[in-house]
Each structure stands twice: as structure tokens, then as C-alpha cells.
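Enquirer: Below: one structure in C-alpha cells.
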Amino acid sequence: VKEAEEEGGGFVLGADINVHSFEELRLESHIIDQAKSSWNTFCAGQGSREAAGEAIYNALFEGAPSLQALFTTPRAVQAMRFMAGLHSFVTSLDQPKQLKALVETLGFGHLNLDVTVPRVVIFR
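Residue numbers for the sequence shown follow the numbering used here, so the first one is 95 and each next one is one higher.
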């Protein structure tokens, strides 16, 4: 990941997004443990997988109005896709090759969309 570039004394949003290569993500074990713990706490606090998926969908949909037109799949289906995808990413954090394959698969599923750095910044 590239360091953010400075522009006029501030940081440029999205400057840390690498659009030239796709590397395996390797995290320290304590970071993986904290991410998994946070994910499990979030899921447990929602009461069900469906409720957790809805919470994620609502946060993304309401937090990024400019991206709403891109969500054409029915809400319940998309919420479960978010849930399944994020769960697989979190559980694969300690398996860099598998995580990379999962993210690549997700990326190929978005080739029909205009994925740009500004949209990635909004989505994050």
C-alpha cells in the first residue's frame, strides 16, 4: 500500500489505493485476532445473520447515496451477499492466498461496473 500523497499540506483521499498491482494481504496475528473478534462481536450483537446483513446493507446504502443506483439486486439478497462475502474475507485473513482468490472473484463480479478510486473511497 502506497503512502498517501500530500497536496497543499493535506492528504489526498484515495492516494493509498493501489491500482497497479494486486498483492496478497499479510497481517500480523494480533491484527487478525482483533478483526475476527470484532466481526464475531458485531454478528452476535445483531441477533441473526439476516439482521447483520441488513445492518451492513443499510450502512452502505444510506452512507453512500451516490452509489445507490448501482445496487440493483433485491435488498435481502444483497444483504446476504454482503454478509457471506465479508464473513469469508474475515475468516480467511490468516490465509493470504485464499483471501486473494476471494477478493479476485469479487472483483471479477464487478467488471460490469465503473469501479473508480473516488467510488472506492466512498464505499470504504
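The beta-carbon is built from N, C-alpha and C at its ideal position, and this holds for glycine as well.
All values derive from a computational prediction rather than experimental measurement.
Using 8 Å as the threshold, is the C-beta distance between Phe155 and Phe165 below it?
Expert: Yes, Cβ-Cβ distance for Phe155 and Phe165 is below 8 Å.
Enquirer: Measure the Cβ-Cβ separation of Ala173 and Gly147 and say whether it is below 8 Å.
Expert: Yes.
Enquirer: Could you have a look at Phe183 and say whether DSSP puts it in helix, strand or coil?
Expert: In this structure, Phe183 counts as helix in the three-state DSSP scheme.
Enquirer: Three or more beta-carbon pairs under 8 Å between the stretch 185-199 and the stretch 111-118, yes or no?
Expert: Because the criterion of three Cβ pairs below 8 Å is met, the stretch 185-199 and the stretch 111-118 touch.
Enquirer: Distance, Cα to Cα, Asp208 vs Phe217?
Expert: Whole-angstrom Cα-Cα distance: 13 Å.
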